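Okay, structure first, notes after.
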Amino acid sequence: MMREYDYFEWVAQRRGSMRALAQMASQPRRRTRPRTAEETRMLERSALSAMKRRELEGRLVRTAPREYVLRG
Numbered sequence: 007m008m009r010e011y012d013y014f015e016w017v018a019q020r021r022g023s024m025r026a027l028a029q030m031a032s033q034p035r036r037r038t039r040p041r042t043a044e045e046t047r048m049l050e051r052s053a054l055s056a057m058k059r060r061e062l063e064g065r066l067v068r069t070a071p072r073e074y075v076l077r078g
């Protein structure tokens, strides 16, 4: 009976080395399809709420109309 492979083991087996696996795992994930409009809206809302939260905490300081500095 064969056990199930996890994704990284499968890639290592296909590429033939753990070095190739380590190199692949260290790279950022690449999207295989473009974002939908809903995904884009969700990301924008999340980024705006994080920015507002940091600004209220005093960690995000506006230095110019479109420039901010993140502190501590």
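Positions 7 to 78 (our numbering) are the ones given, in order, by the sequence shown.
Built from N, CA and C at the ideal position, the CB exists for glycine as well.
All values reported here derive from a predicted model rather than from experimental measurement.
query: With C-beta atoms as the reference, is L76 less than 8 Å away from R59?
result: Translated into the one-based positions of the sequence shown, residue 76 becomes position 70. Translated into the one-based positions of the sequence shown, residue 59 becomes position 53. Taking 8 Å as the Cβ cut-off, L76 and R59 do not qualify as a contacting pair.
Practice prompt. State buried or exposed for A18, treating a residue as buried only when at least 16 other CB atoms are found within 10 Å of its CB.
Written response: In the sequence shown, counting from the first residue as 1, residue 18 sits at position 12. The residue is buried, with at least 16 neighbouring Cβ atoms inside 10 Å.
Using the three-state DSSP reduction, which class does T38 fall into: helix, strand or coil? In the sequence shown, counting from the first residue as 1, residue 38 sits at position 32. T38 falls in the coil class under three-state DSSP.
In the structure shown, what three-state DSSP assignment does R20 receive?
As a working note, residue 20 is residue 14 in the sequence shown. Helix, per DSSP.
Checklist entry - Based on the DSSP secondary-structure assignment, which residues constitute the bridge partners of R1? => result The shown model of the chain, from 7 to 78, leaves out residue 1, and the question about it has no answer.
Item to check | Segment limits, alpha helix (DSSP H) that includes R51 | outcome: In the sequence shown, residue 51 corresponds to position 45, counting from 1. Where R51 is concerned, the enclosing alpha helix (DSSP H) stretches over 43-63.
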